[in-house]
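*Asks:* Numbering (the working numbering), first residue to last: 6 to 944. Below: one structure in C-alpha cells.
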C-alpha cells in the first residue's frame, strides 16, 4: 500500500498511527501487544521486539563495549560524559539491529530497557549497581543525559527508544513480587517521582517499565500513577508502558490480585500497560488471555487501540516505516567495540574512581620501587548480570605491569589453598586439565589444591589450579570448567559446613543439594538432598593466603590491596545484602598487608558501599570504584599512578558499621530520617564526597532572587600543583518550614576542569520550586516563605561557602476541614501506618493493625465556625475490637468500628465530637486494632 497515509512520511506520526490502526484487524492488534510481536506482511510491518538491555553497554547479544556499572557512571557526576556513553551504546544497538534476524524472529529491537532511575535509597538493595544515585536530582540529571544520548539529536527519528525502569518504589529484592512499598504523598512527590519526571519532560524517554512490587497496596503494574502522573507530564502522553518479565502473570500467581489471567491482563491494559513481557517468546499465551478479556467485556477495542497506537508511534519514530529517511539506518558493524568507544569506556572508568582518603599524600604511587598487588580482584575483571560480553579485559595487575614492568609488580591473590580428602576413600579431590573432577589422588600435588574464596555469610567459591571455578554441569556433576560465576541461578557457589566430627560437608547453593560421591565412581555429584547423604571431607590447608600476602607486602615498597564483591554473589537481582561488612577473608588479607607494610592502599571495587572503617582504620589511602567494565583495570592504574587526577564523587551515602539502617522496606525517608537528605549522624563517607590530588579553594557565595529563580555564584580556584576536575555542589535548606524538610538538598552541580592556578566563576540558576515541598493538605507543590540557605562545597558535608535568601509570599493556608472529606492517606506525619488500596479498582487508604496503635497527624485543619460531628469511612474483616480515636480541640472522640465483612467492604460510622472544633486545630488520629480508614469528614 505505497499510497496509504501511514506510508506518507510527510504526515504527522499520530495521523499515520490512526491510519494503521484502522487497517489492522482486532486479532492483529492484540498480537502486537506482546513483547514479541509478529509481522503483518500485508501492511509492511516487520516482526518486532521490545526490550534490548543497554544499562551500561549492549547486553546479552554478544561482544560489545562494556562501560562501568551504572552506579559508577553515577559517580562521575558528568552529564556530558553520560550523554556520550548513551550515544555510543545506542550506536552499537543500531549495529546489532542491522544484523539479519534469526529465522522466524525479529531483528534486535530499538526499544532499549535503560536506564534504571530508582533512587539508591538503601545500600543493602541487591540491585544497587543498576542505579545512578541516592539523590533524585542527580538521578534525573544523569538519566536525562543518558537517555538524550540513546535517543539522538534528530528532530524526528530516534536512534533508540529509551525505557525508564522500574516504576515505582523499588529498592528491595526480598519478597519483591509480594511486598508493598509505602509511599506517603511527600515521599512520592519529593523523592520518587522526580527521578522519572526530569528525563520524561526533557523529551528523550519513549517508555517506562513498572516494577515487580506493589505500591501502597496495589501492584505497580496497576498503579494509577501511570495515568495520573506519568502521562500527565510534559512529553508523557505517548509513553509506552512495557511490563517487566512475567509481571502480568504475577498478578494471578504471586500477588493473587486477580481471579484469572484474562482479568489480570485486562486490569493491566486499563491501567496503562501497552506491551506484555510474559511467557518468553510464547506470545499466544498472552494473546489468548487478552482475546478472552475482550470477549468478556473486560476491555474495549478503544483501549486496545490506545495501547497499540503507542507501540506503533514508537516504531515510526525509530524509522521502521521510513528507512530511507532514517539517519541512523545502515549503521555498520565496525562501530561495535571501535577505538573511539574503547577510549570513551576508559575515560568513563577513570572518572568513576573516587578517592576516599589520602593521608600523607601516599597517592599517586611513586615512579620507582616495587609494588605488591594483593587480592583476587587485582587480577580479574568481573561482569554483572546486565554486562555485555567483553571484547577484551584489562586487569589492574595487567595494566600496572605493562606500565612499570613485570619485575616491579608482585602479585598474590591472598586466597587459601585447600585439599579435600574423602572420608570414604581416603583419596584427594583432583582436577584434570579438562576440568574433570575426581576423588582419585593419593597425595597432594598441584592439581589437588583449590583456592577457596569466602564471600561472606558462608558463601564460597572454589577454583582449580588453572583458575577455573568449580561448577555443576547439566547432569549434576561437579567440574572445574567455569570462567566465573554467571547465569541467572549461579552454579559456582558453595557452603563448606564443618560438623562436630571436624569434617566438612559441601553444599551446592545453586541447587540446595549436597556434594556426594557418585555411585560406583570417583566423580562428585550434587544429587544428595540432605546433609546426612553428603560426603564428609577432611580439609587440609595447603597454603595460607594471608601469610603469602603479608610476605609479599613486606618485600614491596607500596602495597595495593584490592577487595570488593562479585556482582553475581551476595547482592544482585533477586538477592539483597544483609549487612555492609567486607567479607572476613578480605579483611584478614588487608590487615595482614597493613601490618607488614604501612604504605598500604585499599582499593574497593564493588557494586555498593561497604562499612570498612574497622578493617581500614589505619590504612592511609582508600579508593572506590564500581566494576569498571573492560577498561576498569587500566583506569584504576591511571589513577593510582597519577596519570589521571581522581574526580569521582560518591553518588550515595556510605554508612558506618554501627549506624542503624532503616528497614529495607521502609520507604518513608522523611520519618526514617534516612538518606543524606535527613541523616542526623555523621556517616563514614558522605554523599558527594571525593578527593583530588590537587587543592580547590572556594570563594564567597552570592545569592539573589530573580523572579521565580535563585541565582547563586562563586569563584572556585585550583591552588594545587596538578590539573584537576572539581564537582561544585550546591545545596539548599529551608529554615522556617512548618514540617520536616531536608537538612541539605542538592539543587545544582557543575563539574569544572581547572589547570594549576586557574580559577573560574561558577553560576547556578535554581528554580525556587526546587526549594519547595509537596503539601498533602492541598495536593500541590508549595514553597514556604521564610529563610533559606544555599551552600556550595565539595560534598554534602563539606560546604565551604553559604548565602542566605529570604523568600516572601503567603504561607500555606490550613487544610480545609469542612469543604469535604479529608483523605486519610494525605497525612503530614504518621507512625505504624500502612498505605493500602481502597478497592481493587482504585483509591488509597491507611491501615493499622497489631498490638501498637497506628498514628496519623494532620498539621493544621481549619474547621471554620465549628464542627460537632465526624464521619469515618472504614473497613475491616478481622475479628476483635477496633476503634478510631480523634484527638481534636483538646478532647478525644473514640469511635468503635464494627466488622464490615472484608478489607474492601467500606462503611460509614458517625459520632458526635467530644468537644466542638472551631477555627484551626491540629488533628491527630489513632487507629486501635486491625482496620482500614479511607477518609474522615466533619460537619
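Where is the CB? At the ideal position from N, CA and C, for every residue including glycine. Keep in mind that this is a model prediction, so the values were computed, not measured.
#1: Consider the C-beta atom of residue 628 and the heavy atoms of the ligand SAM; say whether any pair is separated by less than 7 angstroms.
#2: Check whether the Cβ atoms of residue 650 and residue 727 sit closer than 8 angstroms, and answer yes or no.
#3: To the nearest angstrom, report how far apart residue 623 and residue 617 are at their CA atoms.
#4: Spatial neighbours of residue 182 within its chain, please: C-beta separation below 6 angstroms, excluding the five flanking residues on both sides.
#5: Grouping DSSP H, G and I as helix and E and B as strand, with all else coil, what is residue 734?
#6: Restricting to runs no shorter than 3 residues, where is the beta strand (DSSP E) found entirely within the stretch 830 to 911?
#7: Should residue 373 go down as buried or exposed, given a rule of 16 or more other Cβ atoms within 10 Å for buried?
#8: Starting from the C-beta of residue 230, find all residues in its chain whose C-beta is less than 7 angstroms away, skip the five residues before and the five after it, and write them out in chain order.
#9: Measure the C-alpha to C-alpha separation of residue 130 and residue 77 and round it to an integer number of angstroms.
#10: Report all residues from its chain with a CB closer than 8 angstroms to the CB of residue 784; omit the five preceding and five following residues, and keep chain order.
#11: Is residue 731 buried or exposed, if buried means 16 or more other CB atoms sit within 10 Å of its CB?
#12: Counting only runs that start and end within the stretch 360 to 414, where is the beta strand (DSSP E) found for 3 or more residues in a row?
#13: Taking residue 882 and residue 932 to be in contact with their CB atoms under 8 angstroms, please state how far apart those CB atoms are, rounded to whole angstroms.
#14: Alpha carbon to alpha carbon, what distance is there between residue 316 and residue 307?
#15: Under the assumption that residue 787 contacts residue 798 (Cβ atoms under 8 angstroms), give the Cβ distance between them as a whole number of angstroms.
#16: Return the Cβ separation of residue 483 and residue 531 in integer angstroms, given the expectation that the two are a contact with Cβ distance under 8 angstroms.
#17: Taking the CB atoms as reference points, tell me whether residue 721 and residue 733 lie closer together than 8 angstroms.
#18: Under 8 angstroms, with one C-beta from each stretch per pair, do the stretch 328 to 336 and the stretch 154 to 162 reach the 3-pair mark?
#19: Are residue 736 and residue 806 touching if we call contact CB-CB under 8 angstroms?
#20: To which residues of the same chain is residue 72 closer than 6 angstroms at the C-beta, ignoring the five residues directly before and after it?
#21: In the DSSP assignment, what residue or residues form a beta bridge with residue 170?
#22: Out of 320, 674, 659 and 266, which has the shortest C-alpha to C-alpha gap to residue 690?
#23: Alpha helix (DSSP H) containing residue 290: first to last residue?
#24: Counting Cβ pairs closer than 8 angstroms, one from the stretch 381 to 388 and one from the stretch 95 to 114, do we hit at least three?
#25: Tell me which same chain residues have a C-beta within less than 8 angstroms of the C-beta of residue 471, skipping the five on either side of it?
#26: DSSP state of residue 793, grouped into three classes?
#27: For residue 376, tell me which candidate among 274, 873, 401 and 355 has the shortest Cα-Cα distance.
#28: Quick check on residue 253: does DSSP put it in helix, strand or coil?
#29: Evaluate residue 494 with the Cβ neighbour count: other Cβ atoms within 10 Å of its Cβ, from every protein chain shown; 16 or more gives buried, anything less gives exposed.
#30: In the structure shown, what three-state DSSP assignment does residue 512 receive?
#31: Can you tell me which of 878, 653 and 219 puts its alpha carbon nearest to the alpha carbon of residue 904?
#32: Does the distance from the CB of residue 705 to the CB of residue 719 come in under 8 angstroms?
#33: Taking just the CA atoms, how far does residue 15 sit from residue 356?
#34: Using alpha carbons as the reference points, say which of 940, 442 and 342 lies closest to residue 861.
#35: With residue 464 and residue 421 assumed to form a contact (beta carbons below 8 angstroms), what rounded beta-carbon distance in angstroms separates them?
#36: Go to residue 149, then tell me how far its alpha helix (DSSP H) extends in each direction, as first and last residue.
*Replies:* Short version:
#1: Because no ligand of any kind appears in the structure shown, any question about the ligand SAM cannot be addressed here.
#2: The answer is yes: Cβ separation under 8 angstroms.
#3: Those two C-alpha atoms are separated by around 11 angstroms.
#4: Answer for residue 182: 217, 255 and 259, listed in chain order.
#5: Residue 734 carries a strand assignment under DSSP once its states are collapsed to helix, strand and coil.
#6: Restricting attention to beta strand (DSSP E) runs no shorter than 3 residues, the stretch 830 to 911 encloses them at 834 to 836, 839 to 842, 849 to 853, 859 to 867, 872 to 881, 888 to 893 and 896 to 901, ordered along the chain.
#7: Exposed is the call here.
#8: Within the same chain, residue 230 has close Cβ partners 173.
#9: Taking the CA atoms as reference points, residue 130 sits about 16 angstroms from residue 77.
#10: Here the set comprises 190 and 831.
#11: Residue burial is scored here from C-beta neighbours: residue 731 has at least 16 other C-beta atoms within 10 angstroms and is therefore classed as buried.
#12: Those beta strand (DSSP E) runs which fall completely within the stretch 360 to 414 and span 3+ residues are 376 to 379.
#13: With 8 angstroms as the limit, residue 882 and residue 932 do not qualify as a contact, their Cβ atoms being about 15 angstroms apart.
#14: If you take the alpha carbons of residue 307 and residue 316, they lie about 14 angstroms apart.
#15: Rounded, the Cβ-Cβ distance is 27 angstroms, inconsistent with contact.
#16: Their Cβ separation, rounded to whole angstroms, is 7 angstroms, which keeps residue 483 and residue 531 in contact under 8 angstroms.
#17: Contact: yes.
#18: These segments touch.
#19: Result no, Cβ atoms of residue 736 and residue 806 do not sit closer than 8 angstroms.
#20: Scanning its chain for C-beta atoms nearer than 6 angstroms, with the 5 sequence neighbours on each side dropped, one finds around residue 72 the residues 61, 62, 90, 350, 353 and 634, in chain order.
#21: Paired residues: 121 and 214.
#22: For residue 690, the nearest C-alpha among the options comes from 659.
#23: DSSP places residue 290 inside the alpha helix (DSSP H), whose first and last residues are 288 to 300.
#24: No contact exists between the stretch 381 to 388 and the stretch 95 to 114.
#25: Exclusion of the five residues before and after residue 471 leaves 436, 438 and 485 as the residues of its chain whose Cβ lies within less than 8 angstroms of its Cβ.
#26: Look at residue 793 here: in three-state DSSP terms it is strand.
#27: Checked all of 274, 873, 401 and 355; the closest Cα to residue 376 is 401.
#28: Under the three-state reduction of DSSP output, residue 253 falls in the helix class.
#29: Residue 494 counts as exposed, since fewer than 16 other C-beta atoms from the protein chains shown sit within 10 angstroms of its C-beta.
#30: The three-state reading of DSSP puts residue 512 in strand, counting E and B together.
#31: Cα-wise, what sits closest to residue 904 is 878.
#32: Between residue 705 and residue 719, the C-beta spacing is below 8 angstroms.
#33: In this structure, the straight-line span from the alpha carbon of residue 356 to that of residue 15 is close to 44 angstroms.
#34: When only C-alpha atoms are compared, the closest one is 940.
#35: About 15 angstroms; that fails the 8 angstroms criterion.
#36: From DSSP, the alpha helix (DSSP H) with residue 149 extends over 141 to 156.
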